[in-house]
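> In UniProt numbering, the protein residues as written are 1 to 307.
All residues carry an ideal CB built from backbone N, CA and C; glycine is no exception.
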């Protein structure tokens, strides 16, 4: 497995370079960061030229990218237009979004897998149909609709949760935003687990284990569930990066100053260093999450071996 992990890490290098260059190109080549710094006011030509030289914007795009990557490897992600270091913004935003993502992933895994197993073992019955209908409704509702609805019901109408999260983002206040963030993914995990359980429940190894007299609970947990969770783990692993990057709507609704909030502010104000820096870290999160998922396959299914 060590050689496989090393090979995967080496494969991640060109993916990282290609992804970050594409992001850098879209942000810097298709926009004018200097003009965005001055807003509606036209900058003085001499001042604009000096800023371009200071930010290496007068160089060809590939030289700008090489300079930017060199700064990243030194831990310098640049400076936002408000004068604050992008690294400082990351240090305050990523822990908040990480806690929110962990809450969402736990809800997604526990509720989704339990509902999926419960529904898959009762395929074709009323409970199975009910779960399928509910998950279809959840998938069909946009996050901003479910977010505002749950915020009003749980936070304003019933007072069971805080409608707005405090700046320090304590864990108990992140439960409702975590549920909102996890809802759509939870529905997909439920349906994916249900389909996988229903298919594997008819497999020969399950019938053989039951015929040998093994307890049904042990067959489900030790054999059926482990084999059925492989596609679910794949989805959850790729969903980690998606939840961190896609928390913009949820963080806006509950006033959470995390990665989504900073990205929204960066895009709104055309703050190029902030957008490129945060998205670069999200690319790394995606790549590492996919590597972790691949390594977990052997844990779930001992028959899987890495060459």
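Are the stretch 133-147 and the stretch 236-253 touching by the rule of at least three beta carbon pairs closer than 8 angstroms?
yes
> Is the number of C-beta pairs between the stretch 89-108 and the stretch 276-288 that are closer than 8 angstroms three or more?
yes
> Would you check if the distance between the CB atom of residue 180 and the CB atom of residue 236 is smaller than 8 angstroms?
Taking the chain shown and counting its residues from 1, the one referred to as residue 180 is at position 180. Taking the chain shown and counting its residues from 1, the one referred to as residue 236 is at position 236. Their beta carbons are not under 8 angstroms apart, which means residue 180 does not touch residue 236 by this criterion.
> Report, in whole angstroms, the separation of the C-beta atoms of residue 191 and residue 135, which I expect to be a contact under 8 angstroms.
By 1-based counting over the chain shown, the position of residue 191 is 191. By 1-based counting over the chain shown, the position of residue 135 is 135. Rounded, the Cβ-Cβ distance is 5 angstroms, consistent with contact.
> Given this structure, state the Cα-to-Cα distance separating residue 194 from residue 258, to the nearest angstrom.
The residue given as residue 194 occupies position 194 in the chain shown. The residue given as residue 258 occupies position 258 in the chain shown. If you take the alpha carbons of residue 194 and residue 258, they lie about 33 angstroms apart.
> Compute the Euclidean distance between the alpha carbons of residue 155 and residue 148, then round it to the nearest angstrom.
The residue labelled residue 155 in the question sits at position 155 within the chain shown. The residue labelled residue 148 in the question sits at position 148 within the chain shown. Looking at the two C-alpha atoms, the distance is approximately 10 angstroms.
> Tell me which same chain residues have a C-beta within less than 8 angstroms of the C-beta of residue 219, skipping the five on either side of it?
Numbered from 1 along the chain shown, position 219 holds the residue referred to as residue 219. So the list reads 206, 209, 210, once near-sequence residues are dropped.
> So the alpha helix (DSSP H) residue 67 belongs to, where does it begin and stop?
Looking up residue 67 in the chain shown gives position 67. Counting along the chain, the alpha helix (DSSP H) containing residue 67 begins and ends at 61-73.
> Determine, using beta-carbon pairs with one atom in the stretch 98-117 and one in the stretch 162-181, whether at least three such pairs fall under 8 angstroms.
Taking a cut-off of 8 angstroms for Cβ pairs, the stretch 98-117 and the stretch 162-181 touch, as three or more such pairs fall below it.
> Does the beta-carbon distance from residue 292 to residue 16 come in below 8 angstroms?
For the purposes of this step, residue 292 is taken as the residue at position 292 of the chain shown. For the purposes of this step, residue 16 is taken as the residue at position 16 of the chain shown. Going by C-beta atoms, residue 292 is not nearer than 8 angstroms to residue 16.
> Can you give me the C-alpha to C-alpha distance between residue 230 and residue 296, rounded to a whole angstrom?
One-based indexing of the chain shown puts residue 230 at position 230. One-based indexing of the chain shown puts residue 296 at position 296. In a straight line, the C-alpha of residue 230 is about 9 angstroms away from that of residue 296.
> Is the beta carbon of residue 65 less than 8 angstroms from the beta carbon of residue 118?
Translated into the one-based positions of the chain shown, residue 65 becomes position 65. Translated into the one-based positions of the chain shown, residue 118 becomes position 118. Contact flag unset, no.
> Using the C-alpha atoms, what's the distance from residue 114 back to residue 123?
Numbered from its first residue, the chain shown carries residue 123 at position 123. Numbered from its first residue, the chain shown carries residue 114 at position 114. When rounded, the distance between both Cα atoms is 14 angstroms.
> Cα-Cα, which of 240, 199, 245 is closest to residue 275?
Position 275 of the chain shown holds residue 275. Measuring from the Cα of residue 275, the nearest candidate turns out to be 245.
> Can you list, in chain order, the residues of its chain whose CB lies under 8 angstroms from that of residue 164, leaving out five sequence neighbours each side?
Against the chain shown, residue 164 aligns to sequence position 164. 155, 254, 255.
> When burial is assigned at 16 or more other CB atoms within 10 Å of the CB, is residue 184 buried or exposed?
For this step, residue 184 is matched to residue 184 along the chain shown. With 16 or more other Cβ atoms from the protein chains shown falling within 10 Å of its own Cβ, residue 184 counts as buried.
> Does DSSP put residue 85 in a helix, a strand or coil?
Numbered from its first residue, the chain shown carries residue 85 at position 85. In the three-state DSSP reduction, residue 85 falls in the strand class (E or B).
> Name the DSSP bridge partner or partners of residue 79?
As a working mapping, residue 79 is identified with position 79 in the chain shown. 85, per the DSSP bridge assignment.
> Which word fits residue 133, buried or exposed, when buried means at least 16 other C-beta atoms lie within 10 angstroms of its C-beta?
Taking the first residue of the chain shown as 1, we reach residue 133 at position 133. With fewer than 16 Cβ atoms within 10 Å of its Cβ, residue 133 is classed as exposed.
> Alpha carbon to alpha carbon, what distance is there between residue 26 and residue 273?
The count along the chain shown starts at 1 and reaches residue 273 at position 273. The count along the chain shown starts at 1 and reaches residue 26 at position 26. If you take the alpha carbons of residue 273 and residue 26, they lie about 12 angstroms apart.
> Hey, how far is the Cα of residue 221 from the Cα of residue 94?
Taking the first residue of the chain shown as position 1, residue 221 is located at position 221. Taking the first residue of the chain shown as position 1, residue 94 is located at position 94. When rounded, the distance between both Cα atoms is 35 angstroms.
> Would residue 107 pass as a contact of residue 240 if the rule is Cβ separation under 8 angstroms?
Here residue 107 corresponds to residue number 107 of the chain shown, with the count starting at 1. Here residue 240 corresponds to residue number 240 of the chain shown, with the count starting at 1. Not closer than 8 angstroms, so no.
> Quick check on this structure: which residue in 187, 150, 157 has the alpha carbon closest to the alpha carbon of residue 175?
Taking the first residue of the chain shown as 1, we reach residue 175 at position 175. Of 187, 150, 157, the residue nearest in Cα terms is 150.
> Comparing alpha-carbon positions, which option in 204, 290, 269 lies nearest residue 227?
As a first step, residue 227 is located in the chain shown; it is residue number 227 there, counting from the start. Of the candidates 204, 290, 269, the one whose C-alpha sits nearest the C-alpha of residue 227 is 204.
> To the nearest angstrom, how far is the alpha carbon of residue 74 from that of residue 28?
Residue 74 sits at position 74 when you count from the first residue of the chain shown. Residue 28 sits at position 28 when you count from the first residue of the chain shown. Approximately 21 angstroms, taken between the alpha carbons.
> What would DSSP say about residue 164, mapped onto helix, strand or coil?
Indexing the chain shown from 1 puts residue 164 at position 164. Coil at residue 164, not helix or strand.
> CB-CB under 7 angstroms to residue 85, same chain, minus the five flanking residues each way: which ones, in chain order?
Counting from 1 along the chain shown, the entry for residue 85 is found at position 85. Cβ within range, chain order: 79.
> According to DSSP, is residue 270 part of a helix, a strand, or is it coil?
Within the chain shown, the letter at position 270 stands for residue 270. In the structure shown, residue 270 sits in coil (DSSP, three-state: anything other than H, G, I, E or B).
> Which residue's Cα is closest to the Cα of residue 139: 127, 129, 186, 128?
Residue 139 sits at position 139 when you count from the first residue of the chain shown. Here the closest residue by C-alpha is 186.
> Please work out which residues of its chain come closer than 6 angstroms, Cβ to Cβ, to residue 260, disregarding the five sequence neighbours upstream and downstream, and give them in chain order.
The residue you call residue 260 lines up with position 260 of the chain shown. Hits under 6 angstroms: 247, 248, 251.
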